[in-house]
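Reviewing the structure listed below.
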Amino acid sequence: MEYQILNTSTCLLVLLVFIPSGLGICPSSCKCSGNDRNVDCSGRNLTVLPQGLQDNLTYLNLSFNQFVDLDHQLTRFTNLRTLDISNNWLKNVPAHLPKSLWELYATNNNIKVLQKLDTAYQWNLRVLDISRNMVERAVLINNTLSSLKFLNLSSNKLWTVPTNMPYNIETVDLSNNFLSQILPGTLVRLQHLTSLYLHNNKFSYIPDKAFDQLSQLQVITLYNNPWSCSDNQTIPYVLQWVQGTAARVVGAPCADQPWPSTTPAPAQPTALDSSPMIKGTKAVDREASATAPEPTKVTKTHKQLRAKEVPPALFPGTDSPDGPQEAAATRTILVQDSTEGNASLAPATGSSTTPMTLSITSGMPTNYSKMPQSTTATLRKEEATPGVPSRASRWQMGLLCLALLHAVAVAMD
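Numbering (mature numbering (1 follows the signal peptide of the UniProt record, and there is no 0)), first residue to last: -24 to -1, 1 to 389.
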């Protein structure tokens, strides 16, 4: 009898312990698996936690519901590894989350600030996704989140890259924000960072040495930022870094625009070079040097002309009264010396020692009245000058001598 009573009490004890848990382990509004430790309550329009959730859950999905506040309601799940509270109406990250969490997904809520106490004691957290919220400020405590590998703060309202990010982090997504600055030292410790997403922000430049410590970086996105490509003071750093990094850069800054040149600007033309006379003279020099034939034999008269040429004229700015006109004329005479022209046949006269001067603008000599009118006339004049008697004169003188001799002989007879 006593044996039967003992067996009955044992069975009742077993029923009291196991039957309630077996009957109420999975709430009716949720789906459970994995010995009822993985619970999915998503898309049920819930405003409060369902009844019957056991404390040893490892996975809990509360996404696509209407939760406004979950503070202090999840602390008891001390074995929880993954919590998904995305697509709700939460205004902040729930307070006092279990420290056992590995992954926290809180996307598409109304969270405005990531407080320091929200992540202060999450030593085991590896994934933190608070994208598509209204976060304007993310406060992280130094030397916390030591296990964090993935941080997603994209599609928020951040103006500054968060500081104190954990040094072991590998992926940071800050795209689709209003980021315009990176404070000094923000990225210095992130030597394990492999992926950095900064596209669709407000960056106009990257501060000097901001990316220098990212030795393990493999991919970075920089497209859709208003880069100041014409600012020679701030933009060169990121342009040089893009050229030197081994990481894959998606959307390199200023790729469709010329980069600022570091070479000195070409010297501006001086007043001397801008003078029309000098420009014409240089053009004549270039044309003559390109088309001039081989030098020919210089005649005796041409040598005399060369011997009586005045020294080269001075450029403007010297004491020469004639200025650029003399310089131009001198250059023109030197060009004509190497050609076979009529000027080489002109005789040198003792009355004038001024060389022929040419006007670049009109193409006519400036002292035209002093020039010989014709080379032929000059030669004829040269033949008519007194000197050695001609052959006809010698015949006449011979006949005269014979006539005189004949007259003397007749007189003597």
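Note that beta-carbon positions come from the ideal geometry of N, C-alpha and C, so glycine has one too.
Give the C-beta separation of residue i and residue j to the nearest angstrom, bearing in mind that I take them to be a contact with Cβ-Cβ under 8 Å.
i: Y35; j: R57; result: 7 Å
i: I1; j: D16; result: Rounded, the Cβ-Cβ distance is 14 Å, inconsistent with contact.
i: T197; j: H175; result: 4 Å
i: T54; j: P74; result: 5 Å
In the DSSP output, what is residue i paired with across the bridge?
i: R165; result: Partner(s): none; R165 has no beta bridge.
i: F126; result: V103 and T147
i: D31; result: Note: D31 sits in no beta bridge, so no partner.
i: D60; result: N37 and Y81
i: V44; result: Looking at the DSSP assignment, V44 forms no beta bridge with any residue, so it has no partner.
i: T136; result: Q157
i: V89; result: R113
Mapping DSSP to helix, strand and coil, what is residue i?
i: A289; result: Any reading at A289 needs caution, since the residue's pLDDT is 41, under 50, leaving its predicted position unreliable; the model's value is listed next. In this structure, A289 counts as coil in the three-state DSSP scheme.
i: L381; result: helix
i: R13; result: coil
i: K7; result: strand
i: L36; result: strand
i: D94; result: helix
i: R113; result: strand
i: Y199; result: coil
i: L172; result: strand
i: Q157; result: strand
i: R224; result: strand
i: Y181; result: coil
i: V218; result: helix
i: V386; result: helix
i: L375; result: helix
i: G363; result: Any reading at G363 needs caution, since the residue's pLDDT is 49, under 50, leaving its predicted position unreliable; the model's value is listed next. Looking at G363 - three-state DSSP - the assignment turns out to be coil, as it is neither helix nor strand.
i: R370; result: helix
i: P212; result: helix
i: W65; result: coil
Output yes if chain D places a C-beta closer than 9 Å to the C-beta of residue i; else output no.
i: V225; result: Any reference to chain D falls outside this structure, which holds one protein chain only.
Measuring only the C-alpha atoms, how far is residue i from residue j?
i: R165; j: Y143; result: 5 Å
i: T337; j: W217; result: A caution first: T337 carries a pLDDT of 40, below 50, which makes its placement in the model unreliable, though a value can still be read off. Going by the C-alpha atoms only, they are around 55 Å apart.
i: N191; j: N152; result: A quick correction: the sequence has Ser, not Asn, at residue 191. Distance between the alpha carbons of S191 and N152: 25 Å.
i: G19; j: I106; result: 19 Å
i: C205; j: L163; result: 23 Å
i: R102; j: E79; result: 6 Å
i: V44; j: L77; result: 21 Å
i: F154; j: M110; result: 11 Å
i: H72; j: Y97; result: 9 Å
i: D188; j: Q167; result: 10 Å
i: V115; j: F126; result: 16 Å
i: L90; j: V69; result: 7 Å
i: residue 468; j: Q219; result: As displayed, the chain neither begins before -24 nor continues past 389, which places residue 468 out of reach and without an answer.
i: E112; j: N85; result: 13 Å
i: W99; j: T120; result: 7 Å
i: P138; j: I117; result: 11 Å
i: Y213; j: S123; result: 32 Å
i: S4; j: L38; result: 14 Å
i: P202; j: P26; result: 48 Å
i: Q372; j: L378; result: 10 Å
i: I158; j: T136; result: 6 Å
i: N208; j: Y181; result: 11 Å
i: Q42; j: Q49; result: 15 Å
i: T147; j: Q30; result: 34 Å
i: N32; j: T170; result: 35 Å
i: D149; j: V195; result: 11 Å
i: K67; j: L193; result: 34 Å
i: V384; j: L376; result: 12 Å
i: V386; j: G374; result: 19 Å
i: R370; j: L381; result: 17 Å
i: A186; j: N63; result: 35 Å
i: M141; j: Y173; result: 15 Å
i: K133; j: V24; result: 29 Å
i: R231; j: P183; result: As written in the sequence, residue 231 is Ala, which differs from the Arg given in the question. Distance between the alpha carbons of A231 and P183: 19 Å.
i: A223; j: K178; result: 22 Å
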